[in-house]
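Count the sequence shown with our numbering and you get residues 2 to 265, in order.
The beta carbon of each residue, even a glycine, is placed where N, CA and C say it ideally should be.
A short write-up of the structure that comes next.
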Amino acid sequence: MSNSFAEFLTRLHCQDDAAARELFARFSHQLIALAQRHISAGLRHKVDAEDVVQSAYKSFFCRYGSGNLDVVNWNSLWGLLTLITMRKCAERAAYHGAERRDFTREVSLPPGDGAASWLDPLGREPTPEEASHDFLWRAHRAAPAAGEVVVFNRSYHEGVLVERVHKLVPESVWSTRYALIDAFEQGLAARGTLVLKFFLHISKQEQLKRFKDRLDDPTKQWKISESDYADRQHWDEYMTAYEEALSRCSTVQAPWYVIPADHK
């Protein structure tokens, strides 16, 4: 962390008004443009992008003041503000009854600020074009170029999890995918990409508690659906599928890290 950036963070932590204005001036125009892209045309008469960004800044200052954020440079600060802004877009859409959609989309850093970093939502339903290709095709398209960081929100491992449990493809298909996943990740590693995989494991009881918390909070209800409860009926099948995926697709080049996550 540079001395100048560390000094800026100190000023923010001390609630320095000039530092707050500097932060707003540095990113507000880009964040407003981002919010405008993520607010559907049908909601633009109800949801104002500038208001969304103001709300995102308030959330940032609240969380930063409590010491609940970890930022090390302008790039990570921008990425964090971007994610908060997209979350606010999703909350506003849910409040107005809009159809649930995945708001975790590309997060590009400002030009000239270093390597690009984004989240790619492979957990969503594939598009018709994606579905017409092999299950790794969209992962290949989203893989990082040199000097980039990509975070997959869920991943191509769904091909041996959801599709296996719900019998969307026959065993003769999903059983061959472990080797294909390993080969894909080894190819990434061979060209210098560091592959890290994290499995946040929660208990069945904790999952039910979090479902209830989402239902009880109007700002989080967009995160829950009937299908989430329906999937609980397949808990044991999912555990079997997870165990096999974690054991067969954890390699030296692309290890899995299992993290107990009942307590955030």
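Considering only their Cβ atoms, is the gap separating Gln-254 from Glu-149 smaller than 8 Å? No.
Under the assumption that Asn-74 contacts Phe-6 (Cβ atoms under 8 Å), give the Cβ distance between them as a whole number of angstroms. 6 Å
Which residues DSSP lists as bridging Val-259, in chain order: Phe-200
For Ile-225 and Lys-205, I'd like the C-alpha separation in whole angstroms. 16 Å
Candidates Tyr-58, Ile-40 and Arg-38, of which the one nearest Ala-26 by Cα: Tyr-58
Nearest-angstrom Cα separation, counted from Leu-247 out to Glu-92: 33 Å
Counting along the chain, where does the beta strand (DSSP E) carrying Val-152 start and finish? 150 to 153
Once the 5 residues before and after Gly-160 are set aside, which same chain residues still bring their CB inside 6 Å of it? Phe-136 and Arg-178
Going by other Cβ atoms of all chains shown within 10 Å of its Cβ, with 16 needed for buried, is Arg-45 buried or exposed? exposed
Determine the closest residue to Lys-89 out of Gln-16, Asp-52 and Leu-13, with distance taken between C-alpha atoms. Asp-52
How would you call Pro-145, buried or exposed, if buried means at least 16 neighbouring beta carbons within 10 angstroms? buried
So what's Lys-40 in DSSP terms, helix, strand or just coil? The question names Lys, yet the displayed sequence has Ile at residue 40. Reduced to three states, the DSSP call for Ile-40 is coil.
Where does Pro-129 sit, in a helix, a strand or coil, going by DSSP? Of the three classes helix, strand and coil, the one that applies to Pro-129 here is helix, per DSSP.
Given that a residue counts as buried once 16 or more other Cβ atoms are within 10 Å of its Cβ, and exposed if not, what is Met-87? Flag for Met-87 reads buried.
Mapping DSSP to helix, strand and coil, what is Trp-236? helix
CA-CA distance, Gln-31 and Val-174? 44 Å
Please return the same chain residues whose Cβ sits closer than 6 Å to the Cβ of Pro-112, not counting the five positions on each side in sequence. Residue placement at Pro-112 is flagged as unreliable, the pLDDT there being 38, under the threshold of 50; the coordinate-derived value follows with that caveat. Nothing listed; no residue qualifies.
Measuring alpha carbon to alpha carbon, tell me which of Asp-18, Ala-180, Ser-29 and Leu-216 ends up nearest Ala-50. Ser-29
I'd like the span of the alpha helix (DSSP H) that includes Leu-137, first residue to last. Premise fails: Leu-137 is in no alpha helix (DSSP H) and is neither H nor E.
Ser-173: first and last residue of the uninterrupted alpha helix (DSSP H) it sits in: 172 to 175
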